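Step one of this worksheet: look at the structure below.
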Amino acid sequence: MSKISDAIYEVHYMDTIASGTSPVHRVHPLAKLLVTIAYIWFTVSFDKYNVTGLITMVVYPVALFSLSEVSFKHSIKKLRIVLPFVVLIGIFNPIFDRTPRFLLYGLTITNGMVSGFALFIKAFLTVLASYLLIATTRIESICYALNILHMPDMLVTQILLTYRYITVLLSEANHIFEAYSLRAPFQKGIHYKVWGSLIGQLLFRSIDRASSLYDSMVLRGYSGSFKHSQLPNARWQDFAYPLLWVTLFAVLRYTNLISFIGNLFI
Amino acid sequence: MSHHHIICSNVSFSYEKNHEILHDISFSAGHDDAIGLIGANGVGKSTLLRILVGLEMGFTGEVSIGEIRLTKKTLPRIREKIGYVFQDSENQLFMPTVYEDIAFAPRNYGLDADQVEERVSHALNLIGINYLRDKQTYKMSGGEKKMAAIATILAMTPDVILMDEPTIALDPKNRRRLINILNSLDHIKIIASHDLDMVLETCNRVILMSEGKIIADGAARNILTDKDLLEANGLELPLCLQGESDISWHPGEPHGHIHL
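Pasting the structure below:
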């Protein structure tokens, strides 16, 4: 399979896992969206040296992985693309902030190292939480939740159509790549001399496909905003879900749970 | 009140000056019409269908659907009456599941959840694809996609169904299934196709086009058995009529044994 068809498969794979039936999948999308936003907010608000506090926030992804049947291994495999960026975010901290903080087996740990590591954890956890949201909630449901939050219609439609058109763009790219590679069997990849014309082809073909899809939409009454399926009325669990999680996040954020538990044993 | 549901008067269309794609097209269609739109490649069949649903608006002449004149202003009302099935079902299905795709139009026309459910179930049952209800569209075969695409337009309860090459890329079994479905629908149908055997089985009237003009408009049986006329316009007799010597077929009848 080429990398492009891998990517198409991935988009479809996300659609498939997001349509699951686990308890997490069944929670109202607005509840999941609010919890994710709250989680990201609480996580990034931790003090820049508070690594132990941040570690307690792992409880949310761990719980979601075990309840939602989303594969942790697959998720990490997917997140490996963003991990280098995550590392980059905190890589300069040890250089700029060299104030010693403590000694670990004879090694001086500086404030920069701690804050860099904390930044790394924050970035990793927030990306993971966003991934878990889209892995347990269909894109239409997320957009529906955004609509309830009065997000501008134009923006919601943009998100939805961008997601839908990704596969259109990828499948056209895949057709071009396959046609090229069948007639250039000894070449690895696409020769740089034809990049220009192939990108032009890709652009025109994608515009054509996108226009046809748009035609199909307007012929069926589309007038600029998506009418989302009405989800069943919220149940008590849908209210309890964000309430419990946000309370837990607040407890983890504003109390030092690890030292509290440690004090119980020492 | 006119008994014609579609009226197309002196329609001409071009993308560029001095290069007309359609020239002075006039025809009308009533409630009993199932029209096969035939002609060689590039004669303007698809363009004519696109004009009828308002996807191409720069035409001269007049088009009326159900006594509503086609203008930019009346487009939403016109499109509510017409279901257009694209040649490539990939372009028609854009929602993640069959249910969502079929529900797309009823939701856009402001129906409530119960009515949407009713429309979707009705369309699925009519085509006989209830088993595909929650299937993800990208996982379906070409035949299933075509059936789902037809269901998406039936959910709009249109008066008129337009189809562009509906049998293209279908295997014989799915093609037969499609023919049976088409024969079971009592809508006004205009089917643009090169599959003349399918046209023979599903249409009672044929419009033959060549170079953007209507060359012949008449009973399917008369036009599709006229070898000279078909060959003069880049076509040939339907396969089921080739090489036989006696014809004993009547419109509406399955034609397992047609003899010229």
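Read top to bottom, the protein sequences are chains C and B.
For the first sequence, our numbering begins at 26 and goes up steadily by one.
For the second sequence, our numbering begins at 660 and goes up steadily by one.
Backbone N, C-alpha and C fix where the C-beta goes; we use that ideal spot for every residue, glycine too.
Please read these numbers as outputs of a predicted model, since none were measured by experiment.
- Against chain B, the beta carbon of Gly246 (chain C) has neighbours under 9 Å at Pro735, Arg738, Glu739, Phe763, Ala764, Pro765, Arg766, Asn767, Tyr768, Gly769, Met815, listed in chain order.
- By the neighbour-count criterion, in which 16 or more other beta carbons inside 10 Å mark a residue as buried, Arg278 (chain C) falls on the buried side.
- With a threshold of 16 other beta carbon atoms within 10 Å, Tyr130 (chain C) falls short and is exposed.
- Contact between Lys740 (chain B) and Pro825 (chain B) is absent: CB atoms are separated by about 19 Å, not below the 8 Å threshold.
- Per the coordinates, the alpha-carbon of Ile809 (chain B) lies some 23 Å from the alpha-carbon of Ser250 (chain C).
- Contact check for Ile882 (chain B) and Leu867 (chain B): beta-carbon distance about 6 Å, within the 8 Å limit, so the pair qualifies.
- Under the Cβ criterion (8 Å, minimum of three pairs), the region 164 to 184 of chain C does not count as touching the region 205 to 221 of chain C.
- The region 237 to 250 of chain C makes contact with the region 175 to 189 of chain C: 3 or more CB pairs, one atom from each, lie closer than 8 Å.
- Bounds of the beta strand (DSSP E) holding Ile847 (chain B) are 847 to 851.
- When the Cα atoms are used, Leu859 (chain B) and Leu896 (chain B) turn out to be separated by approximately 10 Å.
- In this structure Leu813 (chain B) touches Gly742 (chain B) by the C-beta definition: roughly 7 Å separates them, less than 8 Å.
- In the DSSP assignment, Val819 (chain B) falls within the unbroken beta strand (DSSP E) covering 819 to 823.
- Considering only C:Thr192, C:Leu157, C:Ile134, the residue with the shortest C-alpha distance to Ile29 (chain C) is C:Thr192.
- Beyond the five residues adjoining it in sequence on each side, His682 (chain B) comes within less than 7 Å, by CB distance, of Ser671, Gly871, Lys872 in the same chain, given in chain order.
- For Glu165 (chain C), the uninterrupted alpha helix (DSSP H) segment begins and ends at 164 to 173.
- Scanning chain C for C-beta atoms nearer than 7 Å to the C-beta of Val819 (chain B) yields nothing, as the closest lies near 12 Å away.
- Taking every protein chain shown into account, the CB of Gly877 (chain B) has fewer than 16 other CB atoms within 10 angstroms, so this residue is exposed.
- Contact residues of the region 707 to 719 of chain B toward chain C are Val712, Leu714 (C-beta to C-beta distance below 7 Å).
- The beta carbon of Met39 (chain C) sits no closer than 8 Å to any beta carbon of chain B.
- In the displayed model, Ile788 (chain B) falls within coil according to three-state DSSP, outside both helix and strand.
- Along the region 85 to 103 of chain C, there is no position whose C-beta sits under 8 Å from a C-beta of chain B.
- Under the 8 Å Cβ criterion, the region 70 to 85 of chain C counts as touching the region 139 to 149 of chain C, having at least three qualifying pairs.
- One alpha carbon belongs to Gln795 (chain B), the other to Leu752 (chain B), and they sit about 10 Å apart.
- As the crow flies, the alpha-carbon of Leu157 (chain C) is around 8 Å from that of Val95 (chain C).
- Close partners of Met242 (chain C) in chain B (Cβ separation under 9 Å): Phe753, Phe763, Asn767.
- In the DSSP assignment, Ile134 (chain C) falls within the beta strand (DSSP E) that extends over 132 to 135.
- Short of 7 Å from the beta carbon of Ile42 (chain C), and not among the five residues preceding or following it, lie these beta carbons of its own chain, in chain order: Val95, Ala160.
- For Gly742 (chain B), the beta-bridge partners assigned by DSSP are B:Ile820.
- Judged by DSSP in its simplified three-state form, Cys667 (chain B) adopts strand.
- Checking the DSSP bridge columns, you'll see Thr719 (chain B) partnered with B:Ser671.
- At least one CB of chain C lies nearer than 8 Å to the CB of Glu759 (chain B).
- Counting only runs that start and end inside the region 764 to 809 of chain B, the alpha helix (DSSP H) elements of at least 4 residues fall at 772 to 786.
- By DSSP's assignment, Thr756 (chain B) forms a beta bridge with B:Gln795.
- Nearest neighbour of Asn750 (chain B) by Cα position, chosen from C:Ala275, C:Asp240, C:Val271, C:Ala259, turns out to be C:Asp240.
- One Cα belongs to Ala148 (chain C), the other to Gly115 (chain C), and the distance between them is close to 9 Å.
- Distance check between Pro831 (chain B) and each of B:Met857, B:Leu844, B:Met799 places B:Met857 closest, using alpha-carbon atoms only.
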